[in-house]
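Visitor:
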Amino acid sequence: MAPVPDREPPVPRAVGVEVVRPLRAEVLRPGRPSDASVLPFDEDPRARHLAVVIDGRVVSVGSLLPEAPPWDPALTDAWRIRGMATVAEERGRGHGGHVLAALLELATQAGGRLVWCNARTAARPFYERAGFTATGEVFLAEGVEHIAMWRELTTPAG
Ligand SMILES: CC(C)(COP(=O)(O)OP(=O)(O)OC[C@H]1O[C@@H](n2cnc3c(N)ncnc32)[C@H](O)[C@@H]1OP(=O)(O)O)[C@@H](O)C(=O)NCCC(=O)NCCS
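So the sequence shown is numbered by the numbering used here: it starts at 33 and just counts up by one.
1) Please state whether DSSP places P157 in a helix, a strand or coil.
2) What does a CB cutoff of less than 7 Å around V147 pick up in its chain, not counting 5 residues either side in sequence?
3) Which runs of the beta strand (DSSP E) spanning at least 3 residues fall entirely within the stretch 87-138, listed in chain order?
4) If we call anything under 8 Å between Cβ atoms a contact, is V52 one with S95?
5) Roughly how far, in whole angstroms, is the beta-carbon of S69 from the beta-carbon of R61, given that I think they are within contact range, below 8 Å?
6) Thinking just about the alpha-carbon of each residue, which of L132, Q141 and G144 is nearest to the one in G115?
7) Helix, strand or coil for L172 per DSSP?
8) Can you give me the start and stop residues for the alpha helix (DSSP H) that L55 sits inside?
9) From D192 to P102, what does the alpha carbon distance come to, in whole angstroms?
10) Let me know the secondary structure DSSP gives A68 once reduced to three states.
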């Protein structure tokens, strides 16, 4: 059973890429050089980086990068979710879900029509809960099983 949050989770806020990289490195690239947490399109002016900060500590991060999916490289207005990470002791409290929802909202506002990611298979239910569908075969990246996932975005009302 998920732990009962003892407080309302803080709203994810827009931050610079330098704010998200340390937690990315700690959770997703442990033991690797710090530049392993630098991603293509990170510095693109259209990229968006979000963080949940509690008492000055970054506890959850995620990024939205302009990138077409590998199965349809010509697709414009597609966005990729990368670098989703929550510190171990804060998982299951909704922070990652809030970050993901806020990234989807930003993609929608930007006129995006499709969002995709290469999800760790362990995190597949997390993305399914947000409306993502898996596609293709499971593959290994950095020795970890992944699967591509995607979802459409609905045009904002008005
Ligand atoms: C994926 C991740 C960012 C989710 O962050 P979070 O703050 O725990 O997210 P939420 O609290 O909103 O949602 C957690 C839910 O997602 C599921 N989930 C997420 N990641 C999971 C994982 N690695 N293994 C199993 N379940 C996972 C759980 O089922 C959990 O459900 P519950 O609330 O019913 O227990 C976090 O688990 C994490 O950092 N994992 C390690 C790194 C990782 O796998 N990143 C994703 C790369 S694609």
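We put the CB at the ideal spot given by N, CA and C, even for glycine.
Guide: Looking at the atomic coordinates:
1) On the sequence shown, position 125 is the one that residue 157 refers to. The answer is helix: DSSP assigns P157 an H, G or I state.
2) Against the sequence shown, residue 147 aligns to sequence position 115. The residues are W111, I113, L136, A139, W182, R183 and L185.
3) Qualifying beta strand (DSSP E) stretches, in chain order: 89-98 and 110-118.
4) The sequence position of residue 52 within the sequence shown is 20, counting from 1. The sequence position of residue 95 within the sequence shown is 63, counting from 1. Against a cut-off of 8 Å, the Cβ pair of S95 and V52 comes out as a contact.
5) For the purposes of this step, residue 69 is taken as residue 37 along the sequence shown, with counting starting at 1. For the purposes of this step, residue 61 is taken as residue 29 along the sequence shown, with counting starting at 1. In this structure S69 touches R61 by the C-beta definition: roughly 5 Å separates them, less than 8 Å.
6) What you label residue 115 is simply residue 83 of the sequence shown in a count that begins at 1. Checking every option, the nearest Cα to that of G115 belongs to L132.
7) Numbered from its first residue, the sequence shown carries residue 172 at position 140. Strand at L172.
8) On the sequence shown, position 23 is the one that residue 55 refers to. Residues V49 to L60.
9) Examination of residue 192 is not possible in this model, given that the chain is present from 33 through 190 alone.
10) Counting from one through the sequence shown, the residue named residue 68 turns up at place 36. A68: helix per DSSP, three-state reduction.
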